[in-house]
Amino acid sequence: QLGDLTYLEHTKQTLDEFAREWWERYATTELAPRTQKLYAQLWDRHILPRLGTQQLRQLTPNLVAGFQEDLRIAGVGEPTIRKALALLQSVCREAVTWGRITANPVKPVKKRSQHRTRSVRPLMPEAVERLRLYTSSERDATLISLLAYAGLRPSEALALTWADMGERTILVERALSLGEIKETKTRSTRTVKMTGSLKADLHKLKILNGIPNQDTPIIPAHDGGYWGDDDWRNWRRRVFQPAAKASGLDGIRPYDLRHSFVSLLIAEGRSIVEIARQAGHSPTMTLNTYGHVFDEHDGGLGRPAEEVIRDARIKTKRELRAPSVHPRTDPVGSEGDEALHFAELL
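Going letter by letter, the sequence shown gives residues 1288 to 1633 in this note's numbering.
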């Protein structure tokens, strides 16, 4: 009977009261800082005003379905509605685990499926090279290379230290979120094979930085440490977007560069399993996202990625050194010297 009384007492908790407990016991220890920030905004803006005063035991699938419809009527977008429901389901899942309710009222509610709003359009190496040359420094150009030629997510690229760079591969086991190091998006570790061009870019940056310590970020903030959120926003606005506009690539995002890497692997004829492993995807997600790119290449064996990148690099630098074009100044020297320089580093 005492157990029953305790159960009834717990179920008198309102959703708001339980959520505060959930936040302290679960969210602060299990969720990444960026996810915590997103969830706090979703909770305060959408869930708390509509459901916060409801007792846990009063939450039913029908009530949750009505909450979902209220959000649509209020003009809330489908992506935000899906995230709000995911948050509510997570909170209620722990309520079940902790014995506060017997079933998750969100789980049975039908959610609208998520459709990809646009097919990925990978940039060709010539476009990537234009973008690199229009950035403001070797550091920025190397970040572009890590995204486009290693397929890293921006959060993964900014978490790399020189200790993660091997002779042939890059070890990807961390990500940066709100200035803090955490696990990768998939909570897994992977290695990515470096092309000769990417290895040359990293080697050049390392020399320019005076051969930094192994635990130093490869792409440091201006103070030498890891980037914060403000650093990333400033970089996108002051470096990436102007470079993209100058390159004729208005509207692309840094994350989009990752698709170029996958496209290069597909063109080489790599298997779906190998591509998924290097990109940090599941094979199913890889096929769903890049199916049209596979169809374009139709399983044929194309030129090696390294060869394509090297030719694009030489061609693009030649074109952008015309008198009417003013990209970032490269200290390498003449076009012939430049080709020799990269050949020596490959």
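Think of the CB as a built atom: it goes at the ideal place given N, C-alpha and C, for glycine as much as any other residue. Keep in mind that this is a model prediction, so the values were computed, not measured.
For this session: Take residue 1361 as the anchor and find which of 1575, 1592, 1568, 1332 has the nearest alpha-carbon.
Result: If you compare the alpha carbons of 1575, 1592, 1568, 1332 with that of residue 1361, the shortest gap goes to 1332.
Exercise. Residue 1415 lies in the alpha helix (DSSP H); which residues open and close that run?
Worked result: Start and end: 1412-1420.
Exercise. Residue 1432 and residue 1488 look like a contact to me (Cβ under 8 Å); what is the Cβ gap, rounded to whole Å?
Worked result: Going by Cβ atoms, the distance from residue 1432 to residue 1488 rounds to 5 Å, so yes, they are a contact pair.
For this session: Give the single residue among 1305, 1458, 1411, 1459 whose Cα lies nearest to the Cα of residue 1594.
Result: Selected option, being the one with the closest Cα: 1411.
Exercise. What are the boundary residues of the alpha helix (DSSP H) that residue 1462 is part of?
Worked result: Here residue 1462 belongs to no alpha helix (DSSP H); instead the beta strand (DSSP E) covers 1462-1464.
Exercise. Looking only at its own chain, which residues have a Cβ that is under 8 Å from the Cβ of residue 1516, when we skip the five neighbours before and after it?
Worked result: Hits under 8 Å: 1465, 1466.
Exercise. Which residues in the same chain have their Cβ closer than 8 Å to the Cβ of residue 1448, if we skip the five residues on either side of it in sequence?
Worked result: Same-chain partners within the cutoff: 1501, 1502, 1503, 1504, 1505.
Exercise. Start and end of the alpha helix (DSSP H) containing residue 1545?
Worked result: For residue 1545, the uninterrupted alpha helix (DSSP H) segment begins and ends at 1545-1554.
Exercise. With 16 as the cutoff for other CB atoms within 10 Å, does residue 1524 come out buried or exposed?
Worked result: It counts as exposed.
Exercise. For residue 1467, does the three-state DSSP call read helix, strand or coil?
Worked result: Strand, per DSSP.
Problem set entry | Local conformation of residue 1612 per DSSP, three classes | Because residue 1612 sits at a pLDDT of 48, beneath the cut-off of 50, its placement in the model cannot be relied upon, and the following sentence gives the value as read from the coordinates. Coil, per DSSP.
Exercise. Does DSSP put residue 1305 in a helix, in a strand, or in coil?
Worked result: It is helical.
Problem set entry | Close-in-space but distant-in-sequence residues of the same chain around residue 1526 (CB under 7 Å, 5 per side omitted) | Cβ neighbours of residue 1526 beyond the five flanking positions: 1422, 1423, 1427.
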